[in-house]
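Which chain is which? The protein sequence lines are Z and W, in order. All residue numbers for the first sequence refer to numbering that gives the first Met the number 0, where the first residue is 0 and numbers rise by one. All residue numbers for the second sequence refer to numbering that gives the first Met the number 0, where the first residue is 0 and numbers rise by one. For each residue, glycine too, the CB sits at the ideal point set by N, CA and C. For reference, the structure is listed below as structure tokens.
Number of protein chains: 2
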Amino acid sequence: MSQRPAKVVFLPSGKRGEFEPGTTLLDAARTLNVDLDSVCGGRAMCGRCQVLCTEGEFAKHGISSKADHLSGRGAVETRYERQYGLAEGRRLACQACLLDDVVIDVPPDSQVHRQVIRKQAGLLDLELFPTVRLHYVEVPEPNMHNPEGDLTRLKLALEFEWGLTDLRCGVELVQDLQKILRQGEWKVTAAVYDERDIIALWPGFHDQVYGAAIDVGSTTIAVHLCDLANGKVLASSGAMNPQIRYGEDLMSRVSYVMMNPGGDREMTMSVRETIARLISDVSREIGADLHDVLDMTFVGNPVMHHLLLGIDPVELGGAPFALATDESVATSAATLKLDMNPEARVYVLPCIAGHVGADAAAMVLSARPYHDDAMTLLVDVGTNAEIVLGNREQLMACSSPTGPAFEGAQISGGQRAAPGAIDRVRIDPGTLEPRVRVIGCDEWSDSEAFDSSKTGVTGICGSGIIEVIAEMYLAGIVSTDGIIDGQLAARSERVFPNGRTYSYLLYESENVRVVVTQNDVRQIQLAKAALYAGAKLLMERMRVDHVDRIKIAGAFGSHIDTKHAMVLGLIPDCDLDNVFSVGNAAGDGARMALMDKNARVEIDRVVKRIQKIETAVEPRFQEHFINAMAIPHKIDPYAELRKKVSLPESARFQGDNVPDRRRRRSRRRSEP
Amino acid sequence: MSQRPAKVVFLPSGKRGEFEPGTTLLDAARTLNVDLDSVCGGRAMCGRCQVLCTEGEFAKHGISSKADHLSGRGAVETRYERQYGLAEGRRLACQACLLDDVVIDVPPDSQVHRQVIRKQAGLLDLELFPTVRLHYVEVPEPNMHNPEGDLTRLKLALEFEWGLTDLRCGVELVQDLQKILRQGEWKVTAAVYDERDIIALWPGFHDQVYGAAIDVGSTTIAVHLCDLANGKVLASSGAMNPQIRYGEDLMSRVSYVMMNPGGDREMTMSVRETIARLISDVSREIGADLHDVLDMTFVGNPVMHHLLLGIDPVELGGAPFALATDESVATSAATLKLDMNPEARVYVLPCIAGHVGADAAAMVLSARPYHDDAMTLLVDVGTNAEIVLGNREQLMACSSPTGPAFEGAQISGGQRAAPGAIDRVRIDPGTLEPRVRVIGCDEWSDSEAFDSSKTGVTGICGSGIIEVIAEMYLAGIVSTDGIIDGQLAARSERVFPNGRTYSYLLYESENVRVVVTQNDVRQIQLAKAALYAGAKLLMERMRVDHVDRIKIAGAFGSHIDTKHAMVLGLIPDCDLDNVFSVGNAAGDGARMALMDKNARVEIDRVVKRIQKIETAVEPRFQEHFINAMAIPHKIDPYAELRKKVSLPESARFQGDNVPDRRRRRSRRRSEP
């Protein structure tokens with residue numbers, strides 16, 4: 000063994016130093032501030048500090064064999080390997096001692112702060128930097144000569160072994176402290192929040208701690224239980240938002256509170272109970288102790304945000320739609336009276352404005368348009384559409400009152416997206432005959448297998464309505480100004496008079512008859528005009544005439560066909576390859592904030608930077624809205640000159656060749 | 000009006016600067032960081048910024064008349080004067096504008112951080128630097144173009160008007176925020192804790208905020224409600240500690256928990272309920288809103304401390320007497336489930352050791368021995384005596400098991416200090432006839448008025464027992480080794496045989512017969528030996544053979560005659576002029592911590608410095624104890640050489656001339 004200091008380089012960080020031979024790799028890594036995980040603090044219990052020894056650039060120093068430069072496997076490491084296994088070439092950094100110069104590779108799964116890239120496309124790429132971390136310590140026992148309190152000795156141990164200083168500990172945990180220390184015979188694992196608060200303590204070595212990302216929607220509440228060590232979603236569950244009994248949509252819930260002062264408290268209690276029950280259910284499902292769920296992040300629209308926090312939402316029911324707070328809220332399960340570990344931490348993402356909530360902030364976080372030069376449009380459609388536009392330079396947000404049509408409400412035959420709902424439609428432009436697909440069945444209605452499916456047809460959901468009207472438009476059944484062409488009744492029985500207007504029969508069976516009425520088309524026109532006008536308003540304020548990328552979030556975004564959305568003029572023109580359905584972006588943002596404490600700092604800062612546009616007081620919004628009633632929408636290059644225009648106009652596109660149409664339109668726009 | 004900058008000097012700080020003519024004195028004071036109070040922020044509402052204009056050293060610059068150098072009283076200041084009055088020469092600093100050079104005197108009552116010197120001797124001198132302060136602000140209203148949340152706008156106003164940055168606000172208060180802002184028409188007063196947390200909000204201008212200093216004793220709980228603006232005690236109240244039904248003394252309460260696991264929870268609930276009720280009572284008494292009690296400090300012995308905080312005290316019932324925590328605890332009324340404003344803050348003073356509690360820490364804070372070169376002995380006597388010795392250089396503390404005799408328990412005829420209890424005794428050395436005085440009556444028993452008093456005699460309290468045994472010793476009835484001299488039965492019927500020993504008849508009436516038995520003398524010997532041995536042990540560890548000053552705290556300290564205490568050998572020798580009864584030192588410390596946030600920092604730091612001595616594991620304590628059984632106590636210059644000595648010995652002093660005795664003893668000590 001050489002007695003000169005041994006050089007070590009840690010990869011991928013490249014941090015390097017010289018140490019006395021005999022120093023463990025873990026100690027060297029800590030001294031050099033290398034990101035190397037450990038829960039047990041070097042006792043070969045947790046296996047989190049696994050590293051690989053490589054040669055690399057140290058070869059020039061004459062390293063001939065790894066074995067000569069690191070100590071061999073001792074009894075402790077061998078026991079660990081026998082019990083838990085240790086992949087080829089891997090060593091426990093807490094056991095392997097430096098003997099001579101080495102290059103050490105810290106694999107991603109041994110880093111605390113790391114990026115998790117999912118193999119499947121479309122899945123969330125997470126940065127891992129959990130706010131709650133576990134630290135195993137051996138606490139000096141009290142004796143008559145050293146009468147410091149148990150808490151002081153625990154804190155000294157955490158400082159000595161983990162360098163954690165100025166830790167705080169809530170009274171609730173101090174109440175359990177003495178029993179746990181003695182039960183663990185002075186060996187305990189502490190959960191430390193943000194390197195500052197001791198929030199849980201277990202006797203002995205404890206290796207599991209969970210977090211929950213919670214999306215509080217007006218209709219459903221979704222909970223994802225995650226492993227805080229690696230970001231994996233271990234279980235998910237959802238439930239109807241129990242507030243539905245106070246009103247289907249947000250404004251009827253706000254009205255309920257206006258009519259029943261104090262009614263917000265019932266709603267707050269019911270949503271909190273449901274959340275706690277869901278968390279308890281998913282914990283039980285994976286055999287986790289509810290007590291070990293220690294971190295939670297919440298997203299929701301402003302009304303849900305306020306009701307979750309126990310804030311009366313009535314101010315959100317009228318101008319100027321003032322939020323009680325637009326900052327993120329860091330609090331605890333105890334404060335929110337959630338029936339779980341009272342010390343569990345809560346982080347509620349910030350709201351952007353009175354109609355643009357923490358769900359929109361989460362969408363922004365998950366899409367990170369501010370990391371990019373590309374001008375990105377983010378859209379989340381619900382009763383209101385929340386719209387964010389921007390790039391690295393600037394961000395703007397607004398909300399637009401799309402109404403409930405996109406969710407299947409106020410539509411004849413409309414229903415929520417659920418098994419049995421028509422969500423895909425194709426109409427043959429020649430015969431005007433439709434074929435449909437329903438949620439829960441992979442077959443089209445013109446296949447033989449369709450009838451034998453058990454799902455049946457129960458109605459039509461939001462994405463189905465978008466498709467059927469886009470297809471009706473493409474087949475010439477609906478005109479650019481949204482009129483169902485009664486003359487076609489001569490060509491097909493599908494088109495039939497219905498009072499003073501015409502309707503289109505989409506589907507008929509023994510049990511159900513799904514018809515698209517003139518009013519349905521109007522409802523969708525109103526909804527899509529609101530959405531489009533909101534996007535247009537932001538583009539105008541941003542002084543851009545096109546967007547580079549569109550991301551449509553939410554269940555609505557997952558179901559609709561972006562092509563049909565563009566045919567209908569729901570969203571501004573954009574290369575279809577750059578229009579994405581990003582799924583549950585709000586839930587993804589909640590998970591990012593759960594797993595990465597830097598993401599919390601990031602979204603707090605970003606939300607402050609977002610410029611908020613209130614559509615209700617923007618005269619230009621009304622103009623855009625009127626122009627957007629047309630299908631796909633009216634091109635209005637002279638908008639600045641004209642204050643009001645008559646409704647119908649514009650070219651008509653047939654067939655499925657929307658990309659061509661888009662290119663033609665782009666060309667046209669580039670003309671003088 | 001001169002247009003050159005006007006010079007201003009603020010006294011007593013001496014801070015000076017130059018300002019544009021027209022600057023208000025308040026603005027100038029703020030710029031110079033002068034300690035000048037204000038709640039209303041310069042709106043002539045609170046009257047806290049009153050100052051005097053003096054000439055002083057500025058005369059040399061040619062100041063001829065105050066009137067020329069400050070603006071005159073405008074309408075606003077005149078209205079304030081008419082409504083609330085303004086003493087001769089006083090000006091509102093927020094209204095008076097600098098015109099030319101001035102010297103401004105900030106009187107103590109206009110300073111936030113100031114010393115309150117009481118005129119009556121013996122009353123607590125307080126530093127004022129309250130942790131909770133009030134700030135009136137006008138908050139910008141929300142509008143459609145500025146969608147920041149109400150909290151953000153409140154924080155901006157507090158930052159703009161008061162320079163308070165990075166404020167936090169708990170969810171509970173955010174829940175009320177919007178109603179209060181609108182009720183106050185965007186003018187509100189905020190209570191800010193430690194320049195960091197917004198903890199209360201009132202519509203409009205609000206000028207009152209209260210604090211409570213709470214002494215949780217094993218027997219009684221005392222609450223002092225204070226005005227946080229000036230430190231005045233507005234009302235006080237006390238109640239029996241309801242835990243008494245679980246056991247009279249501490250150890251029987253700990254035993255109760257040992258026998259009834261979970262029994263600590265009942266005790267915690269009962270003490271918290273009593274505290275909340277007392278605070279509610281005193282608030283009602285002075286017409287204060289319970290909601291406005293926003294800061295609380297608590298002191299108590301370790302068992303009371305733990306039970307208040309909801310910590311099982313069983314570890315305090317056996318070696319090594321480990322505290323759950325020895326640090327101060329900063330928490331909230333909500334966490335302690337006190338039925339009052341949940342945002343009210345709680346500060347529990349630190350404990351020193353397993354037997355030396357937050358009450359002892361408060362005693363240390365109120366006596367501040369560490370500010371001084373004089374070697375000071377602090378003593379608080381209860382079932383245990385808590386003893387602290389030290390000066391600027393060093394501090395030591397221990398606890399000594401005096402038992403309950405000093406509180407009148409385990410003494411024939413003993414009772415608590417209450418009306419009817421004998422607390423003063425004189426015995427004529429010639430006739431051996433006693434005269435007594437009782438609590439609740441100012442007459443001695445040999446006066447004619449005594450019999451007609453309504454109090455009657457019910458028993459003898461702790462201080463009475465000290466006196467009677469000291470007087471019996473001085474009269475020769477009790478020997479230095481604590482034996483009642485049976486031979487005196489021949490001289491006086493007061494001395495009479497009682498089994499195999501003799502007793503002394505102190506008082507007899509139709510209803511009651513108060514006798515001092517041989518066992519009573521033994522009990523007092525044991526108690527005083529414990530106390531003396533504890534003090535002696537600390538002196539020995541501190542390597543001092545005398546103390547410069549003795550302060551005896553608590554109800555016991557207030558009742559006992561220090562001279563008799565020294566006759567009996569309760570406390571080490573000390574010039575009687577330097578032996579003080581300091582009253583409720585624990586309560587005083589609680590009040591100091593309530594009114595002065597620096598005091599909290601100070602005692603947190605001091606307690607860490609105190610060296611803790613555990614009497615139970617100190618062999619020398621046993622030796623001191625045995626030597627101290629004698630009356631007054633055994634002088635033991637050879638203690639280091641002898642491991643065990645026989646009991647009786649030592650000179651005998653008669654009469655009342657204790658100072659002489661002390662001097663003789665000192666002389667003797669200074670001999671080789």
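Among the residues of the stretch 130 to 149 of chain W, those with a Cβ less than 7 Å away from any Cβ of chain Z are P141, N142, M143, H144, P146, E147, G148, D149, in the order of the chain. Only buried fits Q517 of chain W, as 16 or more other CB atoms lie within 10 angstroms of its CB.
Around the beta-carbon of Q82 of chain Z, fewer than 16 other beta-carbon atoms lie within 10 Å, marking it exposed. Distance from the CA of E284 of chain W to the CA of L224 of chain W, rounded to the nearest whole angstrom, comes to 10 Å. For G169 of chain Z, at least one C-beta of chain W is nearer than 9 Å to its own C-beta. P571 of chain W has a beta carbon lying at 9 Å or more from every beta carbon in chain Z. Taking C-beta separations shorter than 8 Å and ignoring five residues to either side along the sequence, the partners of P571 of chain W in its chain run L376, Y531, A534, K535, M538, H545, V546, I549, following chain order.
When W:L172, W:E392, W:C350 are compared, the shortest CA-CA separation from P368 of chain W is found for W:E392. Residues of the stretch 191 to 208 of chain Z whose Cβ lies closer than 8 Å to any Cβ of chain W: none. Chain W places no beta carbon closer than 9 Å to that of I464 of chain Z, leaving this residue out of the contacts.
Two segments are said to touch when three or more pairs of C-beta atoms, one from each, lie closer than 8 Å; by this definition the stretch 392 to 409 of chain Z touches the stretch 341 to 354 of chain Z. Apart from sequence neighbours up to five positions away, the residues of its chain that approach K336 of chain W with a beta-carbon distance below 7 Å are R271, ordered along the chain.
DSSP, reduced to helix, strand and coil, places E613 of chain W outside both helices and strands of the structure shown, so it counts as coil.
Taking the Cα positions, P400 of chain W is about 38 Å away from Q114 of chain W. A Cβ-Cβ separation of about 6 Å places T382 of chain Z in contact with L249 of chain Z under the 8 Å criterion.
Annotation: Cβ neighbours of D311 of chain W in chain Z (cutoff 8 Å, chain order): Q174, Q177, K178. When the Cα atoms are used, V33 of chain Z and E126 of chain Z turn out to be separated by approximately 17 Å. When CB distances to chain Z are screened at a threshold of 9 Å, not a single residue of the stretch 23 to 38 of chain W falls below it. Judged by DSSP secondary structure, V298 of chain Z falls within the beta strand (DSSP E) whose first and last residues are 292 to 299.
Interface criterion not met: the Cβ of G316 of chain Z is under 9 Å from no Cβ in chain W.
The continuous stretches of alpha helix (DSSP H) do not include R434 of chain W, which lies in the beta strand (DSSP E) extending over residues 433 to 437.
Residue range 596 to 608 is occupied by the alpha helix (DSSP H) that includes D603 of chain Z. Taking C-beta atoms as the reference points, I523 of chain Z and A404 of chain Z count as a pair closer than 9 Å. Fully contained in the stretch 164 to 240 of chain Z are the following beta strand (DSSP E) runs of length 3 or more, in chain order: 186 to 192, 196 to 202, 209 to 215, 219 to 226, 232 to 239. DSSP assignment within the stretch 440 to 512 of chain W yields the following whole alpha helix (DSSP H) runs of 4 residues or more, N-terminal first: 447 to 451, 461 to 473.
Linking T561 of chain W to V456 of chain W through their CA atoms gives a straight-line distance of about 24 Å.
Inclusion of V131 of chain W and I179 of chain W in the CB contact set at 9 Å is not warranted, their separation being larger than that value. Put simply, the backbone Cα of E314 of chain Z is about 52 Å away from that of D67 of chain W. DSSP lists Z:A189 as the bridge partner or partners of H134 of chain Z.
One Cα belongs to R42 of chain W, the other to P4 of chain W, and the distance between them is close to 24 Å. In the displayed model, F320 of chain Z falls within coil according to three-state DSSP, outside both helix and strand.
Listed along chain W are P146, each with a C-beta nearer than 7 Å to that of G353 of chain Z.
Not a single C-beta of chain Z is nearer than 9 Å to the C-beta of C440 of chain W.
Using a 10 angstroms sphere on the CB of H134 of chain Z, the tally of other CB atoms reaches 16 or more, which defines it as buried.
Using a Cβ-Cβ cut-off of 8 Å, A323 of chain W is close to G148, D149, L150, V173, Q174, L176, Q177 of chain Z, given in chain order. Counting only the Cα atoms, E601 of chain W lies some 14 Å from A359 of chain W.
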